[in-house]
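Asks:
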Amino acid sequence: MLLVIDIGNTNTVLGVYRMNSAGFVAADEDPRMIAHWRVGTIKTQTVDEYGVLFRNLFAIEKIDAADVRGIVISSVVPPMDSTLREVCERYFHLKPLFIEPGVKTGMPVLYDNPAEVGADRIVNGVAGFEKYGGPCIIVDFGTATTFDAISRKGEYLGGVIAPGIGISAEALFQHTARLPRVDVRKPAKIIGTNTVASIQSGLFFGYLGLVDGILGRLLQELGEDTIVVATGGLARLIGDNSRYIKTVDDLLTLDGLRIIWERNSAHKTTGAEPRRK
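Using my numbering, you'd call the opening residue of the sequence shown number 117 and step up by one each time.
Written as structure tokens, this is what we have:
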């Protein structure tokens, strides 16, 4: 089996795929992913605490950790890297593949400094182009909301980074004396008739306007035939109400990790170019 891990600032998402002996995910599995989980990213947790957590998640789904033959990780939280590396070595007896410069992704990065691009953004770009073609835009609703543009030829062009809606909600609560912390959701109508409804309206419709405003400008540059895919924790809340987002793919990042693992497995075992599906 293949364990894929995406370490974000707020959440860590894990998934398990079934592999064949050549290091590829078995094509006859339906669904290809056996299980997936979303847990909080806690920078102070120890190697053993994360190890026990992962083992318990496996036990709930009746998955034997001894069957894991590969681990691939993307991380935007550098202090977590050494912890997760040791978790993999101590509890799974495997050296993980981290998405970092030098890893074979199959996607040219046209950023001024490619090393500045977050691993999750490259992973999303690889998965978006592989699954939906190009040109495409991947909108990832995480702690920050990122918009990543992929060319028709599968090149990572760059994108946009905006504060996430959760950051906006928390900032409003922290910097006002009387406004409460609220749950982010779509209100029944635009005009709020109490404080909570008014804040929810401002957060939801304001953020929806931000997303569609940025997407409208990106589509002017990339072309109206560009595919827009959303992923991340709040992807459905915003994506289902956006003018431009037509597809919500909750597992896009995990699929991207699986694809990059396969490309590196093909490179190491055969020396050949990775297969295209």
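Here a beta-carbon is modelled for each residue, glycine too, at the ideal position from N, C-alpha and C.
From the DSSP secondary-structure annotation, give me the bridge partner or partners of residue 122.
Replies: According to DSSP, residue 122 bridges with 129, 190.
Asks: Nearest-angstrom Cα distance between residue 147 and residue 123?
Replies: Confidence in residue 147 is poor, its pLDDT being 46 and thus under 50, which makes the residue's placement unreliable; the coordinate value appears in the next sentence. Their backbone Cα atoms lie some 23 Å apart in a straight line.
Asks: I'd like the list of long-range same chain contacts for residue 375, defined as Cβ closer than 7 Å, with 5 residues on each side in sequence excluded.
Replies: If we look at residue 375 and ignore the five residues flanking it on each side, its Cβ neighbours are 242, 243, 246.
Asks: If you measure between the beta carbons of residue 229 and residue 264, is that distance less than 8 Å?
Replies: It is not a contact, given that the beta carbons lie outside the stated cut-off.
Asks: CA-CA distance, residue 377 and residue 118?
Replies: Their Cα atoms are separated by approximately 9 Å.
Asks: Give the straight-line distance between the Cα atoms of residue 391 and residue 299, rounded to the nearest whole angstrom.
Replies: At residue 391, the pLDDT of 37 sits below 50, so the modelled position is not reliable and the matter cannot be decided from this model.
Asks: Can you give me the C-alpha to C-alpha distance between residue 236 and residue 190, rounded to a whole angstrom?
Replies: Going by the C-alpha atoms only, they are around 6 Å apart.
Asks: For residue 195, collect the residues of the same chain with a Cβ closer than 8 Å to its Cβ; drop the 5 residues on either side in sequence, then sort them by chain order.
Replies: Contacts found: 159.
Asks: By DSSP's criteria, residue 399 is part of a beta bridge. Which residues make up the other side?
Replies: This structure does not reach residue 399, given that the chain is present from 117 up to 393, and the question cannot be answered.
Asks: Would you mind listing the beta strand (DSSP E) stretches within the stretch 144–210 that are 3+ residues and don't spill past its ends, in chain order?
Replies: Segments of the beta strand (DSSP E) lying fully in the stretch 144–210: 149–156, 186–191.
Asks: With distance defined between alpha-carbon atoms, name the residue in 266, 193, 197, 297 nearest to residue 225.
Replies: It is 266 whose Cα lies nearest to the Cα of residue 225.
Asks: Where do the N-terminal and C-terminal ends of the alpha helix (DSSP H) with residue 235 fall, by residue?
Replies: 235–248 is the span of the alpha helix (DSSP H), which, as asked, contains residue 235.
Asks: Pull up the CB-CB distance for residue 360 and residue 344, whole angstroms please, since I reckon it's below 8 Å.
Replies: Between residue 344 and residue 360 the Cβ distance is about 5 Å, and since that is below 8 Å, they are a contact.
Asks: State yes or no: is the C-beta of residue 208 within less than 8 Å of the C-beta of residue 176?
Replies: For residue 208 and residue 176, no; Cβs fall outside 8 Å.
Asks: Which two residues bound the contiguous alpha helix (DSSP H) that contains residue 348?
Replies: It is not in any alpha helix (DSSP H) - residue 348 instead sits in the beta strand (DSSP E) that spans 343–348.
Asks: Opposite residue 214 in the DSSP bridges: which residues?
Replies: DSSP, once it has assigned bridges, lists 189 as partnering residue 214.
Asks: Does residue 273 pass the burial test, meaning 16 or more other C-beta atoms within 10 Å, or should it be called exposed?
Replies: So residue 273 ends up on the buried side.
Asks: Under 8 Å, with one C-beta from each stretch per pair, do the stretch 287–306 and the stretch 349–364 reach the 3-pair mark?
Replies: Yes, since at least three Cβ pairs between the stretch 287–306 and the stretch 349–364 fall closer than 8 Å, the two stretches touch.
Asks: Using three-state DSSP, classify residue 312 as helix, strand or coil.
Replies: Helix.
Asks: Any idea if residue 145 is buried or exposed, counting beta-carbon neighbours within 10 angstroms, 16 or more meaning buried?
Replies: Residue placement at residue 145 is poorly supported in this model, since its pLDDT is 48, which falls under 50; the coordinates are not used for a value here.
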